[in-house]
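Enquirer:
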Amino acid sequence: MTIETGLYSRMADDVTLAGLVSTRIWPAQRSQNSALPAVTYRKRDSEAEYGLWDAPPLYMPLWELDCYGETYASARAVADRVKALFDRFIGDLGGASVVAMQPCREEEEAVEINGSNLIRVRFWFLMVYQE
């Protein structure tokens, strides 16, 4: 399993989030004309810090998680749950050992996608992990 699969599984396996978005969780971008609310996730940037000798490297990706809804309330409800799943998370994620994860930025905006006006709440999370 990869860190990306672990990130997806943590969201997909959460009963509360599934009650909000069903299976509408996608890497990179939403499926065109898909129902709402929904979540997308992608790695924006990544660094690795290599230790001395045979110590495994620490990977430090920056993740972008977008929560979409037709209304502010629906987008916010999804965003609050996603944030609760990852804010200060420590533990196993896709076979990797996450030693720190925390939000570093959040923004809300109205966006037009395929002629529809949507609300998007976007988070950036910094993660530190070892494989």
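Numbered according to the working numbering, the sequence shown terminates at residue 136, and the numbering increases by one at each position without gaps. Beta carbons: idealized from backbone N, C-alpha and C, even for Gly.
Assuming A105 is part of the beta strand (DSSP E), what are its boundary residues?
Expert: Within the sequence shown, residue 105 is the residue found at index 100, counting from 1. That run of the beta strand (DSSP E) goes 101-118.
Enquirer: Starting from the C-beta of N122, find all residues in its chain whose C-beta is less than 8 Å away, skip the five residues before and the five after it, and write them out in chain order.
Expert: For the purposes of this step, residue 122 is identified with residue 117 of the sequence shown, where counting begins at 1. Around N122: A115, V116.
Enquirer: Taking the alpha-carbon of L12 as reference, which of R49, L98, D85 has the nearest alpha-carbon?
Expert: One-based indexing of the sequence shown puts residue 12 at position 7. Of the listed residues, the one whose Cα sits closest to L12 is L98.
Enquirer: Is there a C-beta anywhere in chain C that falls below 7 Å from the one on I30?
Expert: The chain inventory of the structure shown lacks chain C, comprising one protein chain alone.
Enquirer: Taking the alpha carbon of E75 as the point to measure from, which residue in R35, A33, R125 has its own alpha carbon closest?
Expert: If you number the sequence shown from 1, residue 75 lands on position 70. Closest by alpha carbon: R125.
Enquirer: Write down every uninterrupted run of the alpha helix (DSSP H) in the stretch 32-107 whose length is 4 residues or greater and which is fully enclosed by it, in chain order.
Expert: 77-91, all fully within the stretch 32-107.
Enquirer: For K88, which of E52, R110, L41 has the nearest alpha-carbon?
Expert: In the sequence shown, the residue the question calls residue 88 occupies position 83. Comparing Cα positions, the closest option is R110.
Enquirer: Taking 7 Å as the cut-off, decide whether the C-beta atoms of L67 and W129 are in contact.
Expert: The residue given as residue 67 occupies position 62 in the sequence shown. The residue given as residue 129 occupies position 124 in the sequence shown. It is a contact, given that the beta carbons lie within the stated cut-off.
Enquirer: Our contact map puts Y134 next to V104 with C-beta atoms below 8 Å; I'd like the distance itself, whole angstroms only.
Expert: Counting from one through the sequence shown, the residue named residue 134 turns up at place 129. Counting from one through the sequence shown, the residue named residue 104 turns up at place 99. Their Cβ separation, rounded to whole angstroms, is 6 Å, which keeps Y134 and V104 in contact under 8 Å.
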